[in-house]
Structure formats: structure tokens, C-alpha cells
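Line by line, the protein sequences are chains A and B.
Take the first sequence: its position 278, counting from 1, is numbered 278 in the UniProt record's numbering, and each next residue is one higher.
Take the second sequence: its position 377, counting from 1, is numbered 377 in the UniProt record's numbering, and each next residue is one higher.
Protein chains: 2
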Amino acid sequence: MTRQIRNILFIMFDQLRWDYLGCAGHPFLETPHIDALAARGVRFSRTYVQSPVCGASRMSTYTGRYVSSHGAAWNNFPLKVGERTIGSHLRRLGMESWLIGKTHMKADAAGMEELGVSRDGVIGARVAECGFDPWVRDDGLWGEGPDGFYDDKRSPYNAYLHAQGYDVANPWHDHANAGVTEAGDMASGWLMQHADRPANIREQDSETPWLTSRAIEFMEAKRGAAPWLCHLSYIKPHWPYIVPAPYHAMYGRNQVVPPVRHPSERAAPHPVYEQYMNNAIGRAFSRDAVRDKVIPAYMGLIKQCDDQMGRLFAYLEDSGRMEDTLIVITSDHGDYLGDHWLGEKDLFHECSVKVPLIIFDPRAEADDTRGTVCDALVEQIDLAATFIEAAGGEVPAHVVEGRSLMPFLEGAAPEDWRSFAISEYDYSATPMAANLGLAPRDARLFMVADTRWKFMHAEGGFRPMLFDLHSDPQELTDLGASPAHAGIIDAMYARLGLWARRMAQRTAISDAQILGMRGKSRRTGILLGLYDGTEVPEELTVRYRGPAPHLKE
Amino acid sequence: MTRQIRNILFIMFDQLRWDYLGCAGHPFLETPHIDALAARGVRFSRTYVQSPVCGASRMSTYTGRYVSSHGAAWNNFPLKVGERTIGSHLRRLGMESWLIGKTHMKADAAGMEELGVSRDGVIGARVAECGFDPWVRDDGLWGEGPDGFYDDKRSPYNAYLHAQGYDVANPWHDHANAGVTEAGDMASGWLMQHADRPANIREQDSETPWLTSRAIEFMEAKRGAAPWLCHLSYIKPHWPYIVPAPYHAMYGRNQVVPPVRHPSERAAPHPVYEQYMNNAIGRAFSRDAVRDKVIPAYMGLIKQCDDQMGRLFAYLEDSGRMEDTLIVITSDHGDYLGDHWLGEKDLFHECSVKVPLIIFDPRAEADDTRGTVCDALVEQIDLAATFIEAAGGEVPAHVVEGRSLMPFLEGAAPEDWRSFAISEYDYSATPMAANLGLAPRDARLFMVADTRWKFMHAEGGFRPMLFDLHSDPQELTDLGASPAHAGIIDAMYARLGLWARRMAQRTAISDAQILGMRGKSRRTGILLGLYDGTEVPEELTVRYRGPAPHLKE
């Protein structure tokens, strides 16, 4: 069998930090299966998501466009009708596009209704599912409170657990994401004091193996069928931080790396950063007790993910798919885990905005780069472009803002590669915006990062933030108010301006079509600037010569 | 009858300069009917279009959004599916939206097909017609050359002329836009040497009276029907510059005002400006012979427009519509007519980018401002917002970027009115871009103007342009390379950056919806940052308390 790219297995983890992998240098966490893929592919060590939050990050990754371009700037902000996705691009190229797991996509119901696009039709169903055909769609957030469920769709995972005999209303929570106290009470994974308990579920029924089984089932069903992209989109190691046995006990507080933080960060912080430090999450993760409970569970969740990768890759080898499948492993954002006095994601420190990215290309053309690490500035929107090129298409640069990574896989870095990366964050729907008194359009952040400087602009009249990654790789010293760095800040603003003026919405006409229009209107009779017609070849005016027609009075 | 706003008559001329009206101070051209409307309404003396070219300008006006926001950046660049228009906003408010005349809208056929939106349905028909129901759609450009027609639709105007007995294939050209030479040959209006001849058509059959008749017919048909907006969109005084008798002879070279230009403009000009000066149009309009032929015809076309306004306003008075109709008169851009060594439009000198704008509001609330001139910085996208408010709606600020002018009509200028106006120009499809060696995404210009400074940024690595409208109201001295103005240029770049980072695509969720989301996820069971649950009211965690369910092995 010739090694080729026939399929694409696009694996995304959720909230997986770039540095919580063996191959990325974690001192305690061993991820041999993922490391093995890195050894056979290229690891991109400087990959930024376009927004450090699930929904916005994914909408960028699935469209190949910046957040400001597609507008779905936060969780549950709908992706507006008309935004093209990986699925719509690949389907034109004869490649199916399937989803197994999470997208966090909210359909633009009002926009669909306005255009008469119904979910009952195949077009509308795909529009509502971010361009994918869902093999199984499950966003993994079946939280429930006084106002009902966070996600009001049907839960395929709960349906699965019910079929396995878990006979409570919401086994996602009561089993998969809760342990048991010594007194026999439910120990909800939402309460981080319980993070060291085993989840009250059979390991094979927990979310990560469940999705792996669906992926293997999918690939079995698709043997010999049309080429496919399969977006295998895991929910973990995202919170709730709780994991079934034996993973709950694999790591302890001795394997918790010290937090990257310094008291000086709390002196005169940027007002937006300060808000995040002072919210409930930041305060909780600043406590050692919380980190010592949560991080071993987080590591256990990753360890389980890695074991499932082992299972998946074994299937790929056995079925021959390793010969014809481009495999990508990445994440939608990281997790502060107490670094910089923060929890969760949202801001632009490396642990939040940088993600793992490993690409395995089965072709002989990629043999020279196997096992290498590429430190080029990658934006996760590059994946959409990569997939289009991998599927044999030409990247429609008037729509997809990312660039194909295929040249890097073939060992030929483009000379005109980008010199800075962009990420954005819209916190308009958060209490932090309310605390700062910001209108929804002012609660927006922009990151501009090159290989040395990382800059953040905040709308709303705040000063910027700036880190020197050379002298301060841990990003502990904010130079945003430093007069000595005014020139750097100006230069970063110039880059932000260049990017902000980009051509992002001229999506209904291609560059090639525009080039084809140049100077053509004369040949359809639009004759400007002529005095007597001698200025142009006679053929352009011949239709307007000859005897005048008679005018009846 | 109480004076109220029940209907909106939105009159647009094409290529009408702001200063070619009696009420704007033209020394020779008398436009008593338009002036009379200005005397009964408000004339906005500083109104900028969002792009000085038909298609892009109109797509901004019809969507209420900047060119970079909707992407239809030049003539025949499609308006992508999903962009909302005046029609879609007003129809929700119970107001119909009708078109009589020109839009220059190109439907996004590929986008419609991708979403399964068919022109055969009422939704698709409106999407394809920029949100309007066409009473008659006629873009007035029935030019024909070796490659066929510029506009491949059916021509309603040619059908009308055929019905009137003009029995040639293309009477738009051969009659309406051509005269007769002394030898009896056709004197095409495309050749400017013929601009002083009368068009070979009965005056009442020429384009301007034809559309006026359609508008009166429309209003007669709609008596007693639902409220309407009627976009009466004239084709004139746009080229070809030729007009029927008696208008062809009303003005002569003695009424041609001198060109606003200076030889110093040709020394070291901005490279983009230089390209436009040196193209066929710029060269032609730099000749006095051309101006002396063309400008009297242009004035005659305007005079005919004004006479048709008289006819229209008489109908409005007689039918009672003057009591219940908001009336707007404006244009889609100006015409250089030889000023600054240029013809046509395209760049940002006042004669190109500034347009007339007169609004008559029948309500008593507007009585205090009748006959006044408002010099606030108006962008033509403000009209969409004005219409929505006039129709009783609230302006959806997450979609419509313009702001309502109703407060100005009521004599109450908002305190937070904009301090600068934006216009854009995309010349990627022109020979000028080819001459400059520019890729399609680099052939883009941006204007930032306040009441003193007018600044132009050009992508592609060029210096900016800058004019001081106080000391140089004729815009003859380009300060874009002046070291003394570096501070002003920096400030204009900062404004451009602020604008470029605007929130333009978050259109699928309103600000009110976002404010309603703040802090709500906890009440749907997303409980972040909790250690033992004591951090929040008990009701938020009660669902996650109680005995643990039994786990079957």
C-alpha cells in the first residue's frame, strides 16, 4: 500500500496545556502514546489558539478564520449563517467531514430562520452542526442548576450510560463526574475538594474511552467508503476535575509542579488581569490545597487520554489506517492551574493560549521531518488550510485566513511565513466586564505575539500588557507601563492595526476572480474617458457607430 | 391628518456631487425643487459615503455597515448571504421595502446555493435583491461590447422603450444615451465629444422621468396599503453624459466652474493618486475641451432630476403623502469632473466622497429644524439606522454600524456623536492595482476624516495622504510626507486602528443578550472555582448533594 493522505483524523483535547505531555518536557507525566506520534510526525512547539476559550477557539479552528472575522466570540455566541467551515470546504473536494464529540457550536437559529434554512434538511443540519455530519455530538457539559441544564440538547453520553445500566437521571454528573464520600454521599466533581476521589464509574464507561470506542466504530463502518475527515473531539481533560480509577491515584502532590507565579504580579496589575486574579477561580487556584487536589486529577485525566490514544493508534495500525491517514493532535486552549494566580483559561499567558500540536503525515514526502520539533509561529486556524491542502484542494485565501502547514511537514518552511500571531478574547458576558463597568463591545482583548514579545491590547481605555519572552519566559514582569518599552508597544500596535485592517469579509469573490476582472469592463461596453473613440481599438466602439435610429415624435 | 412617519421615500441619485445643487451654493445651477425640500427639512452638509464607488457605497448604505464589514467592496463583488439589509430590518417592523431603480447589487449565487436558498422563493428573491422587493430593478448600465453586455439581466428600461416604439435592439444606448451627428450618424454618449448634443429620445421617455413615473405609479398602487419604504434610485446624473432636449442646451461653457486643481498636485504625488491622474479618465478630464462638453450636460442631467423632483413632490402634496412620509435625497458618491486632475470618483477628495443629504421629516417634532443645515460628521450608513428608528424600531447596534439621525432632525445632537468618519476604497480589480504591482488584498484605501483633517492610508507599503481642511479647504496640498505632521498622522492611525478593531461581526447575538448572560452559567450548573461548595448559595449545589448512586461492577 502506498502511503498517502486519504483520510484525516483530527483529534482535539479540551483544556490540555501544551506542557502537560511527556514529549513537551513534563517532568512527571508520561504520555508514551502521544509521544510516539510526535516521534513519527512533527511537533509544533509554538501553536496559539485564536481565543483561549472553548467556543471561540473552536469556531476559529473550524472556519480557519479569526474570531473577529466570524464573530462567534465566546461560548454560546452563535456562529452566523454563511460562515464556511472545514466541512463545507472538504465536501467540495470529495471528503466527508464527521464529528465525534464536542464542538461547543451554537447554531444561529435566527439567521437560519431568516434565510429559510431548516435543520430538517441536510444543508441546514450541517449548518447547525458547524459543517460536520455528527456521528455523535456531545459537548460534555451536562451541568444542571436551578435554571435547568446548561446544554439543552439531548445528551448522547447520558443515553449511553443509561443503556449501560446507570439508572439515575444525569449519570454524566452523578457517576462520571462525581465520586463517593466516606459517608456514601455523592462527591461532586464540581467541588474541587473531591478531585482526588475516583469517579463513581467503570473506567471503560467514562467519557474518554466512550468517545474512543465511537471513533473505532466509525472507522470500521467507513472501511472502503469515501475519504473522510473525522473530528475526534474529546471532552477531557476539561473540568470537572475528577477521573475514574486507577487514574485518580496515579499522581500525587509530589508530582505537582510548582506554580509559575510571583507576588510582584499582584502589585499594580493590569485592571483586566486583576479582575481575573480576584475572581472565585483565581482565588481558588491560588491556594495550594486546590492545586494539590486538582493537578493530580488533571494529570490522571491526561494519562487516561494517552492510554486511549494507545488503543486508537493500535486500531489504526491494525486496520491499515496509519498508511493513509493524516493524524493531528491538539487542544482548544490550556489551563492556568494556578499559574499567575489564575485558574481556567481566558488570558494570554503561554499556559492558556499555547496548545500542543502534533501532526503525523503518512506520506514519504514527510519522512525527513519525522520526530522533529517546529518552532514556527503557528495559529490554530492553520489547520483548516492544512486540511484543505491535504485533501487535494487549493486554500481559498479570501475565506480561510490560516495557512497550510504542509510545507513544514515536508521540511520546507515558507520564506514569507508570518512574523506574529494573533489571539483574541471577548469577556463581554462575564462578571469581570460588569465589575469594570464595560459595555459589551469594550470587553475585548487582543494578543499580538512574536517569538520575543507578547503584547495585549484591551479595549475600554486600559493600558496594554507586554512581556519579553527572552528575558522573562515565565511572563512574570508586565512591561505594559514601561516607558522604556514605548517603542516596542508602538510597533505592536502597528502590527495590530495591520492585522485589524485585513481583508476578512471579501469572501464572496476570490482573488483569482478579481484578477480576472482587471480592465475587463471596457469589453462589455463601459467606455470611460473617451473623447472621440480614437483612444481605444475600434472593436470597442463599433457597436456604437453607424446611422442614428429614427426618433418618432 | 396628523403629521407622522408612515412611509419612507428614500431617493438616491447616482454620481451627484454635493456641491451641484442650488442650496449647496452652486453659482449657476438652479435646483429649486430640491432646494425647497431642503428648506422644509435638514440639509446635512458633511455626509460621507462609505466608499466612493456605486456598488460598495450602496451595499454599505443598504446594510448600514462599513465596506470591510460586509465585504462587497467594489462593483459586482457579491454581497454575501447573511448580510442583513434595510429591507430585512424594516420588514420585521411591519414596513415593506420596495425598490424602483438601481442598486448595483450582485447576488452571492455561490453562497445561496451552498445554503440551499433559491431565488424562486420569496426569501431567496429578496436575498438576491439586497433585501428589496423590486417594483422595478434597473441599474442603468446597459453597455454592450465585444464580450457582450456589462449587465446580463433583462433590461426593464429597454423593455419600456421597446413598448414605446423605439425599435432597435438596445434603445438605452442608441436613443437614451446617444445623439445624432450632423451627418445623421449615431453620436454615442460614451464619446464625450458628443455630450453637448441632445439625446435622441423624447424627454418623457428618458431614464429620469421613466423612474419618476414608476414611483408615482407605485405610490398610487400602495394607497391605503401597509407602510412602505420606497427606494427611488435614479441612474442619473451618472455617465454617459448626455441629456435630452431641452436640458442639453440649458448650460454652456460660461456656466462651467473652474477646476479645483493646481500644477503642484502633479509634483511628487502619492503613487495611488498618481495612477488615477494618469489613467485615461484623469487625462481626459484634465482637458478643458472635455470639461466644457461634459459639465453642461452633467448640469442638464441634474436640472432634469430637479424638475422630476418637482413633479414627484407635487404628487406627494396632492396625494397627502407629504404628511406621512419621511423623504431623503442623497447620492451614492460624487464626480471629480476634472478637479484634482481626475475624472469619475474612487478617491477621497470632497467632490468624490462627500454627497448631498437632505431629510424631510413631516412630524411636528421636526418643525424647529426646518431649513437648517447640520454640519455634524454623517456617514451614509446612518441612513439605515435612521430608517429603523423612523419605522419605530430600535437600532440593532450589533448589526447596524451607522447611527440614527433622528435626534438631529429633532434639534438634539447627541453629545457622544462620532468625531471622525471612515470611507474605504478597494481598487483591486482595476488596472491601477496592476500597474502598481499589487495583490488584490493590498489594493485598498482607507479614509479617516474629522472636521479639520482628512487622512488616507493605502495598504501595500505606501505613505499616507493628509489634508488640512482648515488651511487648505480645496485639498491641494498633500501633507502625507510632511515631518511636521507626523503627530497628526500618528493620531489618525490610532483612529484607524480603533475603527479597524471594531466589533463588526458579532451579529448573531445582541448586546442585550450578552448582558443577560453575565454570571448566569452558575445557575445552569457550571460551578467553577468551588472547593467545598460553601462559596455559593446552597441552591446552586443542591442537585449535586445526596447519597451516591450505586455502581454495578
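We put the beta carbon where it would ideally sit given N, CA and C, even for glycine.
Within chain A, partners of residue i - CB distance below 7 Å
i        : result
B:TYR150 : SER521, THR524, GLY525, ILE526
B:GLY116 : VAL117, GLY121, ILE123
B:ASP332 : Chain A residues near B:ASP332: none, gap ~16 Å exceeds 7 Å.
B:THR430 : ARG518
Counted within 10 angstroms of its Cβ, other Cβ atoms place residue i as buried (16 or more) or exposed
i                      : result
residue 579 of chain A : The shown model of chain A, from 1 to 553, leaves out residue 579 of chain A, and the question about it has no answer.
B:GLY184               : exposed
B:GLU424               : buried
B:LYS454               : buried
B:ASP532               : exposed
B:ARG202               : buried
A:ASN158               : buried
B:VAL353               : buried
A:VAL536               : exposed
B:TRP98                : buried
B:THR31                : buried
A:THR534               : exposed
Residue range of the alpha helix (DSSP H) that includes residue i
i        : result
A:TRP499 : 486 to 500
A:CYS305 : 288 to 319
B:CYS54  : 54 to 63
B:ILE86  : 86 to 92
B:GLY140 : B:GLY140 -> no alpha helix (DSSP H), and no H or E assigned at all.
A:VAL272 : 271 to 277
A:CYS230 : A:CYS230 -> not in any alpha helix (DSSP H); beta strand (DSSP E) instead, spanning 228 to 233.
Range covered by the beta strand (DSSP E) that runs through residue i
i        : result
B:ARG43  : 42 to 44
A:ASP426 : 421 to 426
A:MET219 : No beta strand (DSSP E) contains A:MET219, which is instead part of the alpha helix (DSSP H) from 207 to 221.
A:ALA449 : 444 to 449
A:MET456 : 453 to 458
B:LEU515 : From DSSP, B:LEU515 is part of no beta strand (DSSP E) but of the alpha helix (DSSP H) over 511 to 517.
B:ILE8   : 7 to 13
Proximal chain A residues relative to residue i, where beta-carbon distance stays under 8 Å
i        : result
B:ALA178 : TYR544, ALA548
B:ALA245 : Residues of chain A passing the Cβ test: none, with the nearest at roughly 11 Å.
Chain B contact residues for residue i, given Cβ-Cβ distances below 7 Å
i       : result
A:HIS70 : GLN505
Best match in the options for proximity to residue i [C-alpha to C-alpha]
i                      : options                                : result
B:MET447               : B:GLY55, B:VAL67, B:GLY22, B:CYS54     : B:VAL67
A:PHE10                : A:ALA215, A:CYS230, A:ALA494           : A:CYS230
A:ARG287               : A:ASP306, A:GLU323, A:PRO259           : A:PRO259
B:HIS173               : A:VAL272, A:ARG543, A:ILE201           : A:ARG543
A:GLY101               : A:ARG3, A:GLY111, A:GLY116, A:PRO156   : A:PRO156
A:GLU83                : A:ALA159, A:GLU401, A:ARG545           : A:GLU401
A:SER428               : A:LEU445, A:SER419, A:GLU415           : A:LEU445
A:ALA56                : B:GLN193, B:GLN474, B:ASN75, B:ARG506  : B:ARG506
B:ASP426               : A:TRP417, A:SER213, A:GLU389, A:ASP511 : A:ASP511
B:PRO431               : A:PRO473, A:LYS345, A:GLY519, A:SER404 : A:GLY519
residue 554 of chain A : A:LEU99, A:ARG370, A:TYR247, A:ARG197  : Because chain A is modelled from 1 through 553, residue 554 of chain A falls outside the range shown and cannot be assessed.
A:SER545               : B:ILE86, B:THR181, B:ARG58, B:PHE77    : According to the sequence provided, residue 545 of chain A is Arg. The question's Ser does not apply to it. When only C-alpha atoms are compared, the closest one is B:THR181.
B:ILE388               : B:LEU161, B:LEU405, B:PHE360           : B:LEU405
B:ASN7                 : B:VAL168, B:ASP35, B:ALA225            : B:ALA225
A:MET192               : A:THR212, A:ILE295, A:GLU274           : A:ILE295
residue 555 of chain A : A:GLN4, A:PRO27, A:ILE34               : Chain A is shown only over 1 to 553; residue 555 of chain A falls outside these bounds and no answer can be derived.
Chain-ordered chain B contacts of residue i [CB-CB under 8 Å]
i        : result
A:ASP147 : LYS520, ARG523, THR524
Where residue i meets chain A, residues with beta-carbon distance less than 9 Å
i        : result
B:TRP417 : Going along chain A, no residue has its Cβ under 9 Å from B:TRP417, so there is no contact; the nearest lies around 17 Å.
B:GLN193 : LEU530, TYR531, ASP532, GLY533
Expected contact under 8 Å - CB spacing of residue i and residue j to nearest Å
i        : j        : result
B:TYR150 : A:THR524 : 4 Å
A:ALA199 : A:ASN177 : 7 Å
B:LEU29  : B:ILE302 : 6 Å
A:GLN15  : A:HIS349 : Contact flag wrong, Cβ pair sits at about 14 Å.
B:GLY116 : A:ILE86  : About 19 Å; that fails the 8 Å criterion.
B:VAL355 : B:HIS340 : At roughly 17 Å, the Cβ-Cβ gap does not stay under 8 Å, so B:VAL355 and B:HIS340 are not in contact.
Closer than 9 Å at the beta carbon, the chain B residues around residue i
i                      : result
residue 610 of chain A : Absent from the model: residue 610 of chain A. The displayed extent of chain A is 1 to 553, so no value can be given.
A:VAL81                : VAL81, GLY82, LEU115, ALA508
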